[in-house]
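Report on the following structure.
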Amino acid sequence: MSTVVALILWFTVTCYAVFGGADYGAGFWDLTAGGRRRGAPARALIDHAMAPVWEANNVWLIFALVVLWTAFPRAFGAIMSTLYLPMALAAAGIVLRGCGFVFRESTRALTGRRLFGAAFALSSVVTPFFLGASFGAIASGRVLAGDSAPYSTWAWWGPTPILVGVLAVSSAAFLSAVFLVFDARRVDDTLDRAFRWRAVGSGLATGLLAIVGLFVIRGDAPFLFHGLVHDGLPFVLLSGACGGAVVVLLTQGIVRGTRALAVVAVVSVLAGWGVAQYPYLLPTSLTLEAAAGATRSLGWLVAVFLIACVTAVPALALLFVLDQRSRLQRGAAVEGEKPESRHRVVVVGGGFGGLFATRALGWSPVDVTLVDREPHHLFQPLLYQVATGILSEGEIAPSLRHILRFQENAAVLLAEVTGFDLERREVQARRPDGAAMVLPYDSLIVSAGAGMSYFGHDELAEHAPGMKTLDDALRLRRRLLQALEMAELSEDPHKQQGWLTVAIVGAGATGVEIAGQVRALALRALGTSFRRIDPAHVRVLLLDAGHEPLSAFGDRLSEIAARELGTMGVELRMGVKVTAVDGESVTFEGPGGPERIEARTVIWAAGVEASPLARLLAEASGAVCDRAGRIETRPDCTLPKHPEVFAIGDMTSLDRLPGVAEVAMQEGLHAARTIRQRVAGKPTNTRFRYRDLGSMATVGRFRAVVSLKGLRVGGLLGWLTWALVHLTFLTGFANRFATMFHWARTFLGRSRSQIAFSARFTKTRPSAPR
Ligand SMILES: Cc1cc2nc3c(=O)[nH]c(=O)nc-3n(C[C@H](O)[C@H](O)[C@H](O)COP(=O)(O)OP(=O)(O)OC[C@H]3O[C@@H](n4cnc5c(N)ncnc54)[C@H](O)[C@@H]3O)c2cc1C
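Going by the numbering used here, the residue at position 689 of the sequence shown is 690; the numbering climbs one at a time, nothing skipped.
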């Protein structure tokens, strides 16, 4: 029981370190923001981010103190008797800080405002220092239990407590800067950059301090040092790795995932500390067991803690969610703007480019209208998992209205865009009922994506459907399952094999991923479902005109991919050109002449062609299109003679960038940033610069190839990287959670919920076997 309560104590301390830490860190940046004028934007941002939540963070300190004095009264007595000075100074800091924060807002006189501002900022540094020093004193064995223990006012003043105090200040500053980057980037580029560099600087300083600190602790607190480099070592290393990753990502301008990594860095260091001093509460004079109060008290404490969790945690979670969505500060971002005079932005396409642009305009004084002919945003990279029954359609296609429900300056419009009048600044569209409509704009962002290309042989489309839309994926799932049913019914072994053969045209990432999953579906998920056929006989052919799969990934990864596919039983036919597909077979021209293979299911994953809207824009602006119909934009993603029109994503060709989601997202952010700066009357940094974050593809169960800034990884490590990246970019917490659940179910087990629980494919009657 004492260990359970100790875990609760650790949990509350950790929550205080994370939430309270970020809060104190904000005060540190307030203190160092610079003079009144220069520091004003940073201080306004800090106020905006902190105001709704700062008081709530102290809940965790109250939790921790109550747990400590109720469950471990002896330890509480010893701590308070020995550390009364730093604890009293920390308590005074908390009070001063609160008063300073509140009164600096409400005081009119400049001297008063400055005084309260200084009190807030200084106490934001002093408080975590004294709290950290108190922890350092406990961990280094300076607090002794027992009536005869010598209490000294200055027992806490030593190398380890001072080190931990300084570390508490620097890690609070680091956490806070990482958190503030997310708020800063919605407001302004300069602030975004400033907080990114503050995060990098404080992260490096914290890392350096931690390394130097280990030497200090070795001499000053050998027991703690031993624990940290033995049982606590994995946590210490994890903390270092996460902190390092945050620094690297932020220097590359990537902010996604950094908040979570920074939190993990802080949590792991506290876990390392807890493990290092276990089983002592006060090393090395009082163990948890000896410090614990009556078992009944502990039992009641656990019960009360659970009740408090049920009541307080959801409330805190709601507070943070509302804060993140700017629901707690009415009109803060658009203060002083008359709605009718606001800049109008029309965004065409709710794919990666359009959605990222819309969201990036969230806090700007503009009105955004997002037009799409589909009601959902589609996460195309996981389409093949819908086709092979791993995920349901909702998990990769959340509704656009739902995604943008909290973004008050954005409206979603379900309509198909049919044309543009760039001179009159109007978009022409057709509503679902067929009626025409016109959408006026001040700035226009077009990100209408691309469709399949059959390289001039559109007749192939009839029997070799592509995979671009949700309907394509669902149709493919139905076709795959129907083919197996037909094979089960068929008497003729030759025809049966035709139904059991799947040919995939194109060995890029999409083709490779489908090929691997179709084999896995047959081998693992359907292994015992049929009586007459053996799904293991499902033959998967991967055809491509190039000489290796995933040729864009480089030789080494292509080799790994070819080997993995071979192990899974996928037949590679490289250097071949498909000439005919007739519903029963596929014919291709290869080095050994023409060949025809009976295959009832053929999937086209070979080429793409830009949306027809690219040509319409080109005609209207005088821009040119390449062979794939992609419009060539200016280096800042705008059209010639129309700086107010941005074309981004798969429908454009700029610097020969690949048609991948990352390009579309970064271009969307660039367009939004340019519009924001123009609206603010600032000069715009015109040229779009792409940061290549690498490419990746799964090749089967727990196998993926990843090419990342020269680093090439295959196998399980590649798969974990792939999974992490895809979960990060998937929209919505519920979708991420459901996807993780389905992956665990599919990859650890054998079943695929979309096949086990869905009989939808039987609704369409398959054509009779010949
Ligand atoms: C099967 C598959 C797998 C992929 N895998 C990966 C991968 O692993 N990694 C990766 O980085 N990239 C991958 N991609 C590519 C990636 O999905 C695209 O690069 C990305 O979606 C491009 O974003 P976009 O905004 O340009 O277009 P899209 O995301 O395609 O969005 C275009 C939007 O415009 C809408 N639209 C089109 N025409 C109109 C119109 N006339 N009126 C109104 N709305 C319209 C569409 O409905 C759609 O919502 C994959 C693509 C596919 C098809």
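Just so you know, even glycine gets a beta-carbon here, dropped at the ideal spot from N, CA and C.
Burial state of residue i (16 or more Cβ within 10 Å)
i: S342; result: exposed
i: G300; result: exposed
i: S125; result: buried
i: W778; result: A query on residue 778 cannot be resolved here, the shown segment of the chain reaching from 2 to 771 and no further.
i: G332; result: Here the model assigns G332 a pLDDT of 45, short of 50, so the residue's position is not dependable and the matter cannot be decided.
i: F762; result: Confidence is the limiting factor: at F762 the pLDDT is only 48, short of 50, which leaves the residue's position unreliable and the question unanswerable from this model.
i: K469; result: buried
i: A735; result: exposed
i: D184; result: buried
i: R771; result: Because the pLDDT at R771 is just 39, under 50, the model does not fix this residue reliably, and the value given afterwards should be weighed accordingly. Classification of R771: exposed, given that the 10 Å Cβ count is below 16.
i: E336; result: Confidence is the limiting factor: at E336 the pLDDT is only 42, short of 50, which leaves the residue's position unreliable, though a coordinate-based value still follows. It counts as exposed.
i: L405; result: buried
i: F117; result: buried
i: M569; result: buried
i: S82; result: exposed
i: G244; result: buried
i: M487; result: buried
i: V201; result: buried
i: G715; result: buried
i: I212; result: exposed
i: G36; result: exposed
i: S365; result: buried
i: V625; result: exposed
Residue j beta carbon less than 8 Å from that of residue i
i: S135; j: L66; result: no
i: G220; j: G273; result: no
i: L271; j: A246; result: no
i: L132; j: G214; result: no
i: T602; j: R480; result: yes
i: H743; j: I391; result: yes
i: V347; j: L445; result: yes
i: I505; j: L543; result: yes
i: S298; j: T4; result: no
i: L176; j: G275; result: no
i: T511; j: Y385; result: yes
i: I632; j: A615; result: yes
i: L362; j: V369; result: yes
i: G22; j: A173; result: yes
i: A120; j: D31; result: no
i: G630; j: E645; result: no
i: G650; j: G420; result: no
i: W723; j: M697; result: yes
i: A648; j: V447; result: yes
i: L558; j: L566; result: no
i: S171; j: T112; result: no
i: T502; j: R540; result: yes
i: A430; j: V367; result: no
i: F357; j: L655; result: no
i: A600; j: V577; result: no
i: L317; j: A57; result: yes
i: A474; j: V418; result: no
Distance between beta carbons of residue j and residue i, contact taken as under 8 Å
i: E668; j: C638; result: 5 Å
i: V268; j: T15; result: 6 Å
i: W605; j: G467; result: 4 Å
i: V680; j: H377; result: About 29 Å separates the two Cβ atoms, so there is no contact after all.
i: G352; j: A739; result: About 21 Å separates the two Cβ atoms, so there is no contact after all.
i: L423; j: A621; result: 5 Å
i: G137; j: P162; result: 4 Å
i: A537; j: L524; result: 6 Å
i: N59; j: I9; result: So it is not a contact: roughly 18 Å between Cβ atoms.
i: F226; j: V167; result: Rounded, the Cβ-Cβ distance is 18 Å, inconsistent with contact.
Residue i: CB within 7 Å of a non-hydrogen atom of ligand 3
i: V311; result: As presented, the structure is devoid of ligand 3, carrying ligand 1 as its sole ligands.
| query | Where in the stretch 393 to 478 do unbroken runs of the beta strand (DSSP E), each at least 3 residues long, occur, reported from the N-terminal end onward? | reply | Given a length threshold of 3 residues, each whole run of the beta strand (DSSP E) inside the stretch 393 to 478 is given here in chain order: 411 to 415, 417 to 422, 427 to 431, 437 to 441, 444 to 447 and 451 to 453.
| message | As an exercise, report each continuous alpha helix (DSSP H) stretch of at least 4 residues that is fully enclosed by the stretch 594 to 638, in chain order. | response | 613 to 622
| task | Would you list, in sequence order, the uninterrupted beta strand (DSSP E) runs of no fewer than 3 residues that lie entirely inside the stretch 249 to 318? | result | 281 to 283
| request: Report the residue ranges of all beta strand (DSSP E) runs contained in full by the stretch 644 to 724; include only those spanning at least 3 residues, in chain order. | output: 696 to 701, 704 to 709 and 712 to 714
| request: Within the stretch 135 to 220, note down every full alpha helix (DSSP H) run reaching 4 residues or more, in order along the chain. | output: 160 to 188
| task | Note down, one range per segment and in chain order, each beta strand (DSSP E) of at least 3 residues found wholly within the stretch 488 to 530. | result | 502 to 506
| request: Run through the stretch 522 to 589 for me and flag every whole beta strand (DSSP E) of 3 or more residues, listed as ranges in chain order. | output: 540 to 545, 571 to 575 and 578 to 582
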